[in-house]
Every structure is written in C-alpha cells, then in structure tokens.
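Mature numbering (1 follows the signal peptide of the UniProt record, and there is no 0) puts the sequence shown at residues -24 to -1, 1 to 98.
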Amino acid sequence: MRLLSRLASVTAALACVLVLPSQAVSHARVPAGDTGDAGDSASQEPFGAECRVRVDGSRVTAHCHNPYPGPDRVRLHIECVRWWDLDSDGSAVSAGPAQTVRLDGRCWKEVRAAWVSHQRAH
C-alpha cells in the first residue's frame, strides 16, 4: 500500500510538470534588441514569480518567489482524481517585489494535478 501511495505522489508530481498551462510557466526576459511593440513597456519588463509546487498525499503547497520589480498575482489550481472530489482554484495572492508567498489547498483523496497561474497586477 505504501508503494501505491508513493507511486501516486510521483505520478501527480510528473503530471504537474507535463501538464502546466502556458500561463503557469515563468516568462523569460525580452531581449534588448526585440522589435516588438516598442510602445508597450509593460510587455518588455521581466515578469513572473518562480513557483515550487509540492504534492504530499491529498495536500498541495506552493511557494512562489517574485524576483522582479513588478507585482505578480499568483493563484493555485488543484485537480482531484475522484469525480466527486471538487477541483479548486484558489484566490489570487499578490507577490510583491522580492517577496515569497505560500499557497496551499487539498483534495479529500488523491491529487491529479496542481499548478500555479500568474497574472500581472495593475
């Protein structure tokens, strides 16, 4: 039974890495010579907190650190395995410059996937 529990945890962690939505991936810096929209300075600023998501049984914890000067609103999303176990989308938390925030949530039983989405704070 312990092997099944570990296998479920490894499977959930692997699913988190493989099934991340495009918004959850930290954005790379825009090169200085980029010929994109020069009028939109917000799109040229580095953005996106770096998040570590940990699944431990039915509990999920994410630590997000924002190394950039602009605030990032992060939100934890959890998808549960059982059909009767409600998936959850946590409330958005603002991670200011050089700030680390903790997000947590849970399923009643097993976790299928967990990820963090990012949104620029205006």
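Even for Gly, the Cβ is constructed at its ideal location relative to N, Cα and C.
Close CB contacts of ALA68 within its chain, under the 8 Å cut and outside five residues either way in sequence, are with ARG49, VAL50, ARG51, GLN95 (chain order).
Between VAL57 and GLU86, the C-beta spacing is below 7 Å. Straight across, the Cα-Cα distance linking ALA74 with TRP84 is about 34 Å. For CYS40, the enclosing beta strand (DSSP E) has its first and last residue at 35 to 42. For LEU62, the closest C-alpha among the options GLY81, GLY72, VAL77 is that of GLY81.
GLY24 and TRP60 have their alpha carbons spaced roughly 33 Å apart. Counting every other CB atom within 10 Å of its CB across the protein chains shown gives HIS98 a total below 16, marking it as exposed. Counting every other CB atom within 10 Å of its CB across the protein chains shown gives ARG78 a total below 16, marking it as exposed. Between ALA71 and CYS40 a beta carbon distance of about 5 Å is seen, short of the 8 Å cut, so the two are scored as contacting. In the same chain as THR37, and ignoring 5 residues on each side of it, the C-beta atoms closer than 8 Å to its own belong to VAL29, ARG30, ARG78, LEU79, ASP80, in chain order.
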